[in-house]
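**Student:**
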Amino acid sequence: MDGLFIIFSRQIILGFVRDLQIRRQGGFTSFSALPDRYKELLLSAKEAIENGYNPYTKTKVGAAILAANGKVVSAANVTNKAKWNSICAERAAIVKANSEGMRRFIAIAVIGRKKHDGQTQKRYIFTPCGPCRQFIYEFTKPSRRDIDVIMSDMRMNNILVMKISELLPMAYD
Ligand SMILES: [Zn+2]
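Using our numbering, read the sequence shown as starting at 1420 and increasing by one per residue.
1) To which residues does DSSP link Lys1534 through a beta bridge?
2) Helix, strand or coil for Ser1463 per DSSP?
3) Which partner residues of Cys1485 appear in the DSSP bridge assignment?
4) Could you check which residue in Met1581, Ala1516, Ala1467 and Arg1574 has the C-alpha nearest to that of Ile1558?
5) Within 10 angstroms of its Cβ, does Ser1449 collect 16 or more other Cβ (buried), or is it exposed?
6) Who's in the neighbourhood of ligand 1, going by beta-carbon under 5 Å from any heavy atom, listed in chain order?
7) Taking 7 Å as the threshold (C-beta atoms), are Ile1555 and Ile1583 in contact?
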């Protein structure tokens, strides 16, 4: 019981520290303050959540990428019984866009639904995982620009916009 309590407390503290880190980095904005094309991008990402394949997790994530040609490509996460085989929504969107001949990007939006104790964490902001950050960073080369990453909670009240170079300083290059 003590061990469980320690693990639970650790999760709360880590979550709090993470929130503080996000808030310190600033860059928070509201949905109405986003440029129109970023609003559309975020809405596409949110819509994609429902297409996720998530039989093993309560975490559902959608992503949408804005290509330089103006097209928006969205995708959801695809989980797998073997966890390491799961594919994040961000990478799924990039792979899908690349397969359709697009590899110059302007921005990517990510939004998700996370459940804890059966409750949907509506204020949780999904940030791309490490491999996804490196994957997005890779496409700054053909894009010849830094890529904006738009991260939002489900209510779209707390939206964070950061460059991939900020999210992944000293990227593997
Ligand atoms: Zn990821």
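Glycine included, every Cβ here is placed at the ideal spot set by N, Cα and C.
**Tutor:** Inspection of the coordinates gives the following:
1) Position 115 of the sequence shown, counted from the first residue, corresponds to residue 1534. Beta-bridge pairing links Lys1534 to Thr1539.
2) In the sequence shown, residue 1463 corresponds to position 44, counting from 1. Reduced to three states, the DSSP call for Ser1463 is helix.
3) The residue you call residue 1485 lines up with position 66 of the sequence shown. Reading off the sequence shown, one finds Leu at residue 1485, where the question assumed Cys. According to DSSP, Leu1485 bridges with Val1491 and Ala1526.
4) Locating residue 1558 in the sequence shown gives position 139, counting from the first residue. Here the sequence assigns Phe to residue 1558, which means Ile is not the residue at that position. Among Met1581, Ala1516, Ala1467 and Arg1574, the Cα nearest to that of Phe1558 belongs to Ala1516.
5) Numbered from its first residue, the sequence shown carries residue 1449 at position 30. Around the CB of Ser1449, fewer than 16 other CB atoms lie within 10 Å, so the residue is classed as exposed.
6) Ordered along the chain, the selected set is Cys1507, Cys1548 and Cys1551.
7) Along the sequence shown, read from residue 1 onward, the residue named residue 1583 stands at position 164. Along the sequence shown, read from residue 1 onward, the residue named residue 1555 stands at position 136. Yes, Cβ-Cβ distance for Ile1583 and Ile1555 is below 7 Å.
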